[in-house]
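One structure is given below, encoded as structure tokens.
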Amino acid sequence: MKTKGKGKSITLFTLCVVGIFFLAFAGFHGLVVGSGSNQWEFKSFEKSITKGLDLQGGVSVLMEIQSDKTVSKDDLNKTKEMLSLRVNKAGVAETVVTTEGNKRIRIDIPGQYDSKSIVDSLSKTGELSFKDPDGNVLLTGKDVKKATSGTDQQTGQIIVSLEFNDAGKKKFADATTKLIGKQISISMDEDVLTSPVVQNAIIDGKAQITGNKTAEEANKIAAIINAGALPMPVKAVSTQTVGAQLGANALPNALKAGAVGICIIFVFMLLYYRGPGLIACLGLTLFISLVLFTFIGVGVTLTLPGIAALLLTIGMAVDANVLMFERIREELRTGKSVKTSVKAGFHNAMSSIIDSNLTTIISSLVLYFLGSGPVKGFALTLLIGVILSMFTAIVIVRLLMNLAVNAGFLSKPSLFRVKRG
Numbered sequence: 449m450k451t452k453g454k455g456k457s458i459t460l461f462t463l464c465v466v467g468i469f470f471l472a473f474a475g476f477h478g479l480v481v482g483s484g485s486n487q488w489e490f491k492s493f494e495k496s497i498t499k500g501l502d503l504q505g506g507v508s509v510l511m512e513i514q515s516d517k518t519v520s521k522d523d524l525n526k527t528k529e530m531l532s533l534r535v536n537k538a539g540v541a542e543t544v545v546t547t548e549g550n551k552r553i554r555i556d557i558p559g560q561y562d563s564k565s566i567v568d569s570l571s572k573t574g575e576l577s578f579k580d581p582d583g584n585v586l587l588t589g590k591d592v593k594k595a596t597s598g599t600d601q602q603t604g605q606i607i608v609s610l611e612f613n614d615a616g617k618k619k620f621a622d623a624t625t626k627l628i629g630k631q632i633s634i635s636m637d638e639d640v641l642t643s644p645v646v647q648n649a650i651i652d653g654k655a656q657i658t659g660n661k662t663a664e665e666a667n668k669i670a671a672i673i674n675a676g677a678l679p680m681p682v683k684a685v686s687t688q689t690v691g692a693q694l695g696a697n698a699l700p701n702a703l704k705a706g707a708v709g710i711c712i713i714f715v716f717m718l719l720y721y722r723g724p725g726l727i728a729c730l731g732l733t734l735f736i737s738l739v740l741f742t743f744i745g746v747g748v749t750l751t752l753p754g755i756a757a758l759l760l761t762i763g764m765a766v767d768a769n770v771l772m773f774e775r776i777r778e779e780l781r782t783g784k785s786v787k788t789s790v791k792a793g794f795h796n797a798m799s800s801i802i803d804s805n806l807t808t809i810i811s812s813l814v815l816y817f818l819g820s821g822p823v824k825g826f827a828l829t830l831l832i833g834v835i836l837s838m839f840t841a842i843v844i845v846r847l848l849m850n851l852a853v854n855a856g857f858l859s860k861p862s863l864f865r866v867k868r869g
């Protein structure tokens, strides 16, 4: 039975190690499976994580709603969504739009440097209109009740469905009756979203726009129609242009510094703690991979302060391992067996680990909810890192240590750098 248990521990430990290295390899180098039309790509962290302006340059614009009255949360969020659509409809990728306070909205646009045209576009009040071929306005955004994108159940075509209110229903019926076989263009300001051809008179207030090439295009048109004009006028109160050269120099240097720091930590853990140090290195490798995967899942925009927070959490993760290993060594010096010492060491270190990390979590939450811009990004990165460092230390490293002890890999006190007389 003992041999069977030992074999099971060896198998599980090996599978854990292979799994950790596979995740790390896939994350840092990417992975391509299959070929041709059946090819599936697992993108690397470099391609998947959104980079902030300080890493790739761009324009940061702070817009403020111009109103003497208190701005409701709904109006603030609607204005935010409309500004986001206004920027993204031009094909700008990885735009980050966030609210600051009760009246301000920050738009970070990476890779764009023409701040004047961006501010001019964002400052427009915006007007949605339906026009005939001669440019006459037939309906406005006020006549539309809602717009949704979907697929026609009979033809399988991607469509945008429109539903008009009572006033719009009559206007649209009159327009479509006169314009059969002609185009009605739908525009936001001077930008034409789509120009469908009227197939027949529509008198029930419900219409379908066909001819959309992709579901993404249909979603975009429906979203802009729903958003309509800005609910309140806005004004740019701050504009900052960040050159690409800063990020071109800063990111490689930050990555080099991080890699050197992590290597030094790994070497120290291996030399000072030997067997447990190797397990700590495995735990840290998994921790770094999980943090970066979480950044992708949550949609974190990585900035230089964010990289600093990541490196800080790596240090905190090491600190948790040091607390556990020192407790284990104390138990070993009293003459206890390795298995008993590992169990007691983890138990005794638990309260210290939780207390130290809990204070950091509270600080991160305060910074996140009260801070803005880079401070908020730093807080979010720190919060994710601290939570995952606790998970890897308390769950993963503990599991690997127990498996290693049961497998016989850590059977002697000397492997923990403890000498007994």
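Residue numbers for the sequence shown follow my numbering, so the first one is 449 and each next one is one higher.
Just so you know, even glycine gets a beta-carbon here, dropped at the ideal spot from N, CA and C.
Quantities reported herein were computed from a predicted structural model and do not represent experimental measurements.
For F470, collect the residues of the same chain with a Cβ closer than 7 angstroms to its Cβ; drop the 5 residues on either side in sequence, then sort them by chain order.
The answer is none, since no qualifying residue turns up.
How close, in whole Å, do the beta carbons of I776 and I842 come, if the pair is a contact with beta carbons under 8 angstroms?
About 14 angstroms; that fails the 8 angstroms criterion.
Uninterrupted alpha helix (DSSP H) stretches inside the region 612 to 655 (no shorter than 4 residues)
The region 612 to 655 is shown to contain whole alpha helix (DSSP H) runs of 4 or more residues at 614 to 626, in chain order.
Assuming V592 and I673 form a contact by the criterion Cβ under 8 angstroms, report the distance between their Cβ atoms to the nearest whole angstrom.
Between I673 and V592 the Cβ distance is about 6 angstroms, and since that is below 8 angstroms, they are a contact.
Residue range of the unbroken beta strand (DSSP E) whose run includes L510
Boundaries of the beta strand (DSSP E) harbouring L510: 506 to 513, taken from the DSSP string.
Just to confirm, is the Cβ distance from F490 to A474 under 8 angstroms?
Cβ atoms of F490 and A474: closer than 8 angstroms.
Cα separation between A797 and V770?
Computed Cα separation, rounded: 10 angstroms.
Jot down the residue ranges of each uninterrupted alpha helix (DSSP H) in the region 547 to 613, minimum 4 residues, whole runs only, in chain order.
Taken in chain order, the complete alpha helix (DSSP H) segments of 4 or more residues contained in the region 547 to 613 are 563 to 571.
Is there at least one non-hydrogen atom of the ligand FAD closer than 7 angstroms to the beta-carbon of N854?
The ligand FAD is not among the ligands present in this structure, which contains no ligands whatsoever.
L815 versus E575 - alpha carbon distance
C-alpha separation (whole angstroms): 38 angstroms.
Own chain, CB closer than 6 angstroms to T807, minus 5 neighbours either side, in chain order
Nothing meets the Cβ criterion.
What residue range is occupied by the uninterrupted beta strand (DSSP E) comprising F490?
From DSSP, the beta strand (DSSP E) with F490 extends over 488 to 490.
Less than 8 angstroms between the beta carbons of I553 and T547, yes or no?
Yes.
Answer yes or no: do T829 and T498 have a C-beta to C-beta separation smaller than 8 angstroms?
Not closer than 8 angstroms, so no.
Bridge partners of A684, per DSSP?
The secondary-structure analysis by DSSP pairs A684 across a beta bridge with M511.
Nearest to L730 by CA position, among L740, Q504, M717, is which residue?
Residue M717 is the option with its Cα nearest to L730.
By Cβ distance, which residues of its chain are closer than 7 angstroms to E611, with the 5 residues on each side in sequence left out?
Closer than 7 angstroms at the Cβ level, and outside the excluded window around E611, lie K593, K594, G653, K654.
Reduced DSSP secondary structure (H/G/I, E/B, other) of G453
Helix.
Using 8 angstroms as the cut-off, can you tell me whether the region 507 to 516 makes contact with the region 681 to 688, which would need three or more C-beta pairs spanning the two stretches below that distance?
Yes, the region 507 to 516 touches the region 681 to 688.
Taking the alpha helix (DSSP H) that V746 falls in, what are its first and last residues?
Run containing V746: 723 to 746, per the alpha helix (DSSP H) assignment.
With distances taken from CA atoms, which of V823, G825, D803, P861 is nearest E774?
Measuring from the Cα of E774, the nearest candidate turns out to be P861.
Please report the straight-line C-alpha distance between T543 and L760, rounded to a whole angstrom.
When only Cα atoms are considered, T543 and L760 end up about 27 angstroms apart.
Determine, using beta carbons only, whether S597 and T588 come nearer to each other than 8 angstroms.
Contact flag unset, no.
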